[in-house]
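Asks: Encoded as structure tokens, here's the structure I'll be asking about.
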Amino acid sequence: MLAKTVINPQNTSSALSRRFSVAPMMDWTDRHCRFFLRLLSKHALLYTEMVTTGALLNGDHDRFLRHNEAEHPLALQLGGSVPLDLAACARMAQEHGYDEVNLNVGCPSDRVQNNMIGAVLMGHPQLVADCVKAMRDAVSIPVTVKHRIGINGRDSYEQLCDFVGTVRDAGCTSFTVHARIAILEGLSPKENRDIPPLRYDVAAQLKKDFPELEIILNGGIKTLEACHEHLQTFDGVMLGREAYHNPYVMAEVDQQLFGSTAPVITRAEALAQLRPYIAAHIDAGGSMHHITRHVLGLGTGFPGARKFRQLLSVDIHKAKEPLVLLDQAAELLEGR
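Numbering follows this note's numbering, with no gaps: position 196 of the sequence shown is 1184.
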């Protein structure tokens, strides 16, 4: 169960579905989080946190690319704007067995703007196209783009179509659209996830005008009922914060969205299946909190849920035998 680097350069895109995916989220969708989410859904496409090209090229790339084989299907999201650097990182992704490489053109953080990473790139469609072409020339796995519907000062529908059309002409066929603009001055990244209004109509018009492209909708989706509704228009849906804060929403994804006939996993079963992974992590010198911080959302909507969260968020830091504490928390999930 120990997380490991997987070397598997074979192109697995034929089996890759973007019908339902979990968004890349900084500080959240690390390898431990992804292993846990995979217990809830076997078919959801999972994304890493955004990793910058500089971190891979100048740092310990094995640490950033490390993952467990159970996490597949799995995509690496890259942040960068230098085509040759992105191509080199895409090759690393393929060599380490990732199923897809995704370019971040949506993050509004000041820090990444200054390095020409994220949403600021929406103002430079030809550069994004050059980046996509360089990556596509370097690897055989799919290269995709996640972007906003615009940025302040470049938020017309015509400009959005120019961006998508330019990147399409470089060979990109799959776009994940966060249906909000990004305001690059005056709003924090958190505010940019809430304050700019959701414009599903704009994303829907994009799908209508580019019917040959795969358009995945992201932003504000919270229920499987909403997923079903959006899948009438879009090729896929991507959940972000809801999948993290309320992970059990994923328990019926395989049955409802992929036609699986397997039994729906219970909360108790998910935690029980996670236990050997946690034990192995502890044996390797890790802290249980590295993993269980991602599980707190299982404790919602039932008597004892608050105690469950307290055990794994507060009490855990003073526990001499963390697995005993985990088992106490598991008892609160019995029958759920």
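From the three backbone atoms N, C-alpha and C, an ideal C-beta is built for every residue, glycine too. Remember, it's a predicted structure, so these values are computed and weren't measured experimentally.
1) Return the chain-ordered list of same chain residues with a C-beta closer than 7 Å to the C-beta of Ala929, the five sequence neighbours on each side being excluded.
2) What does the alpha-carbon distance come out to for the pair Pro1061 and Leu1034?
3) Excluding five sequence neighbours on each side, which residues of the same chain lie with their C-beta closer than 7 Å to the C-beta of His988?
4) Along the chain, which unbroken stretches of the beta strand (DSSP E) at least 3 residues long are found entirely within the region 1043 to 1119?
5) From the DSSP secondary-structure annotation, give me the bridge partner or partners of Lys1134.
6) Give, in chain order, every unbroken run of the alpha helix (DSSP H) that is at least 4 residues long and sits entirely within the region 1202 to 1235.
7) Determine the closest residue to Pro1199 out of Val1120, Phe1163, Val1108 and Asp1125, with distance taken between C-alpha atoms.
8) Hey, would you say Ile1137 sits closer than 8 Å to Ala1107, going by beta carbons?
9) When the Cα atoms are used, what is the spatial distance from Met1238 to Lys1295?
10) First and last residue of the alpha helix (DSSP H) that includes Phe1246?
11) Is the separation between the beta-carbon of Lys1066 and that of Asn1092 shorter than 8 Å?
12) Below 8 Å, can you find three or more Cβ-Cβ pairs linking the region 1270 to 1288 to the region 1304 to 1320?
13) Take Asn999 and list the residues in its own chain whose beta-carbon comes closer than 7 Å to its own, dropping the five residues that flank it on each side.
14) Out of Gly1141, Ala1126, Leu1148 and Ser1144, point me to the one whose CA is closest to Lys1134's CA.
15) From the DSSP output, in three-state form, read off Phe1023 for me.
16) Which of the three DSSP states is assigned to Met1276 in this structure?
17) For Val1312, which of helix, strand or coil comes out of DSSP?
18) Do the CB positions of Leu1262 and Val1241 come within less than 8 Å of each other?
19) Going by the CB atoms, is the gap between Leu1186 and Gly1208 shorter than 8 Å?
20) For Tyr1035, which beta-bridge partners are listed by DSSP?
21) Would you mind working out which of Ile1304, Met1123, Leu1314 and Gly1289 sits nearest Arg1324, comparing C-alpha positions?
22) Throw me the rounded Cβ distance for the Ile1204 and Val1155 pair, which I believe falls under 8 Å.
23) CA-CA distance, Glu1088 and Ala1122?
24) Any idea which residues DSSP pairs Val1010 with across the strands?
25) Consider the Cβ of Leu1072: report whether some Cβ of chain E lies at a distance smaller than 8 Å.
26) Who are the near neighbours of Asp1073 in its chain, counting only those whose CB is closer than 7 Å to its CB and skipping five residues on each side?
27) Go to Ile1270, then tell me how far its alpha helix (DSSP H) extends in each direction, as first and last residue.
28) Would you give the residue range spanned by the alpha helix (DSSP H) that Leu1194 belongs to?
29) Which residues share a DSSP beta bridge with Ile1139?
30) So, at 8 Å on beta carbons, what are the nonlocal neighbours of Arg1142 in its own chain, with the 5 sequence-adjacent residues on each side left out?
31) Leaving aside the five residues before and after Pro997 along the sequence, list all residues of the same chain whose C-beta is less than 6 Å from its C-beta, in chain order.
Replies: According to the structure data:
1) Past the edges of the chain, shown from 989 to 1324, lies residue 929, and the structure says nothing about it.
2) 6 Å
3) Outside the displayed range of the chain (989 to 1324) lies residue 988, so it cannot be described from this structure.
4) 1062 to 1067 and 1088 to 1093
5) Asn1092 and Thr1164
6) 1212 to 1218 and 1229 to 1233
7) Phe1163
8) no
9) 23 Å
10) Val1241 to Phe1246
11) For the record, residue 1066 in the displayed sequence is Leu; it is not Lys. Yes, these two residues count as a Cβ contact at 8 Å.
12) yes
13) Interpretation of Asn999 is limited by its pLDDT of 35, a score under 50 that renders its predicted location unreliable; the figure taken from the coordinates is listed afterwards. Within the same chain, Asn999 has close Cβ partners Ser1128 and Ile1129.
14) Leu1148
15) helix
16) coil
17) helix
18) no
19) yes
20) Ala1063
21) Gly1289
22) The pair is not a contact, with the Cβ atoms about 14 Å apart (cut-off 8 Å).
23) 15 Å
24) Leu1034 and Leu1227
25) Looking at the structure shown, chain E is missing, and only one protein chain is on hand.
26) Thr1041 and Leu1045
27) Arg1255 to Asp1271
28) Tyr1188 to Asp1197
29) Arg1142 and Ala1170
30) Met1110 and Gly1111
31) Unreliable placement is indicated for Pro997, whose pLDDT of 33 sits below 50; no coordinate value is reported for it.
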